[in-house]
Ligand SMILES: NC(=O)c1ccc[n+]([C@@H]2O[C@H](COP(=O)([O-])OP(=O)(O)OC[C@H]3O[C@@H](n4cnc5c(N)ncnc54)[C@H](OP(=O)(O)O)[C@@H]3O)[C@@H](O)[C@H]2O)c1
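Residue numbers (my numbering): 509 to 838.
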């Protein structure tokens, strides 16, 4: 009998990459997606599908009892661009709590429940040079606070559900639409940076994150949180260089003053609210980008999950740009 994995958010950038890797291992994968979710990356005939009504404990329990017990559950669905603080908390925190509650039932309990949180739940490095897993969480955005709230729900379920939390820094790779916006701009010859000094940043290539998640599901000690990054210290200038090199492009580099960008972000957010869609550049995003230090310490992840990233930013970016070109995005 093959192992049964339930992946929420399976159609998204990270969810679809995990889904493919699990299928390649011969696991039976059930993709939890919404009726209107784009299934472009979920064409494999072996896939099963389910729609989970996260908002209702009772409806969720009924649906999951119909599915039967899964060996592993990877809860990846989440919102990164909500219009209101309460939307972040409803989707990222309440839905996670509902799912975890239902799965802590004796008949449904998986051997691992992986919650894909974010480094934003810890917040940037403060006193130390790098974000550490044991630093007191101090998220600087509603998004980060909502992920932190979900983690706290799981902590309260310790003993009833074998959970593991993965906290990725910025993830990039094929199919990603967020960092792609910067890459697209560079491909047009323009590099825009926020603030006068380069920001301290960290990254992880999507296939390394997938390998880390599989290790966490299969052998990660339960009740622990793992920072996911490639372990190298970068700046936003390194990101520009990696993209420029991968594209083989000369660019015009501009450093925009923080105050000016804040004004633009406020304006684009107002337009976004009116259109019912949060733009990529908003005030929340600026709180993460505006000079915070996102270097992070992955020594515990390396130790407990035997995690050895295969890609650094430069090698990962070459693969990513190749994919965007092959698929006509660039
Ligand atoms: N990308 C990063 O750099 C990064 C870093 C740290 C953490 N994360 C976390 O990783 C997860 C996946 O992110 P991603 O980059 O793969 O983003 P993505 O491509 O936008 O995928 C998000 C997934 O969540 C689903 N989702 C969003 N709102 C939902 C809702 N209200 N109900 C049910 N499903 C919902 C989406 O379904 P639809 O397609 O139907 O909207 C999609 O499947 C998120 O939880 C995010 O917080 C991402």
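Where a beta carbon is used, it is the ideal one built from N, C-alpha and C, also for glycine.
Please name the residue, chosen from the options, that lies closest to residue i on a Cα-to-Cα basis.
{"i": "residue 621", "options": "727, 699, 656 and 652", "result": "727"}
{"i": "residue 712", "options": "699, 690 and 735", "result": "735"}
{"i": "residue 510", "options": "534, 668 and 525", "result": "534"}
{"i": "residue 657", "options": "695, 602, 666 and 588", "result": "602"}
{"i": "residue 537", "options": "548, 837, 522 and 553", "result": "553"}
{"i": "residue 823", "options": "605, 668, 750 and 625", "result": "750"}
{"i": "residue 832", "options": "687, 567, 745 and 791", "result": "687"}
{"i": "residue 821", "options": "551, 527, 518 and 748", "result": "748"}
{"i": "residue 898", "options": "591, 709 and 769", "result": "This structure gives no information on residue 898, because the portion of the chain shown stretches from 509 to 838."}
{"i": "residue 585", "options": "605, 745 and 816", "result": "605"}
{"i": "residue 693", "options": "527, 758, 800 and 725", "result": "758"}
{"i": "residue 813", "options": "801, 721, 666 and 745", "result": "721"}
{"i": "residue 589", "options": "786, 667, 546 and 668", "result": "786"}
{"i": "residue 591", "options": "784, 801, 816 and 815", "result": "784"}
{"i": "residue 653", "options": "801, 816, 815 and 795", "result": "795"}
Just mark residue i as buried or exposed, buried being the case when its beta carbon has 16 or more other beta carbons within 10 Å.
{"i": "residue 782", "result": "exposed"}
{"i": "residue 638", "result": "buried"}
{"i": "residue 544", "result": "exposed"}
{"i": "residue 764", "result": "exposed"}
{"i": "residue 729", "result": "exposed"}
{"i": "residue 594", "result": "exposed"}
{"i": "residue 636", "result": "exposed"}
{"i": "residue 803", "result": "buried"}
{"i": "residue 864", "result": "Any question about residue 864 goes unanswered here, given that the chain covers just 509 to 838."}
{"i": "residue 793", "result": "buried"}
{"i": "residue 872", "result": "Any property of residue 872 remains undetermined from this structure, which presents the chain solely from 509 to 838."}
{"i": "residue 771", "result": "exposed"}
{"i": "residue 818", "result": "exposed"}
{"i": "residue 684", "result": "buried"}
{"i": "residue 791", "result": "exposed"}
{"i": "residue 523", "result": "buried"}
Short check: CB of residue i to CB of residue j, under 9 Å?
{"i": "residue 762", "j": "residue 811", "result": "no"}
{"i": "residue 766", "j": "residue 698", "result": "no"}
{"i": "residue 715", "j": "residue 838", "result": "no"}
{"i": "residue 623", "j": "residue 583", "result": "yes"}
{"i": "residue 755", "j": "residue 806", "result": "no"}
{"i": "residue 718", "j": "residue 525", "result": "yes"}
{"i": "residue 555", "j": "residue 581", "result": "no"}
{"i": "residue 548", "j": "residue 559", "result": "no"}
{"i": "residue 641", "j": "residue 731", "result": "no"}
{"i": "residue 596", "j": "residue 562", "result": "no"}
{"i": "residue 530", "j": "residue 513", "result": "yes"}
{"i": "residue 788", "j": "residue 689", "result": "yes"}
{"i": "residue 835", "j": "residue 682", "result": "yes"}
{"i": "residue 610", "j": "residue 569", "result": "yes"}
{"i": "residue 655", "j": "residue 612", "result": "no"}
{"i": "residue 451", "j": "residue 518", "result": "There is no way to answer for residue 451, as the model of the chain reaches only from 509 to 838."}
{"i": "residue 550", "j": "residue 527", "result": "yes"}
### Query
Can at least three beta-carbon pairs, one atom from the stretch 629 to 636 and one from the stretch 645 to 661, be found at a separation below 8 Å?
These segments touch.
### Query
Do three or more CB pairs link the stretch 705 to 721 to the stretch 769 to 779 at distances below 8 Å?
With a cut-off of 8 Å, the stretch 769 to 779 and the stretch 705 to 721 do not count as touching, because too few Cβ pairs lie within range.
#### Entry: Segment contact flag, the stretch 824 to 832 with the stretch 656 to 674, C-beta cutoff 8 Å, min 3 pairs
No: fewer than three Cβ pairs fall under 8 Å.
### Query
Is the stretch 571 to 586 close to the stretch 607 to 627, with three or more CB pairs under 8 Å?
Touching, per the Cβ criterion.
### Query
Three or more C-beta pairs closer than 8 Å, one from the stretch 670 to 680 and one from the stretch 732 to 749: is that the case here?
With a cut-off of 8 Å, the stretch 732 to 749 and the stretch 670 to 680 count as touching, because enough Cβ pairs lie within range.
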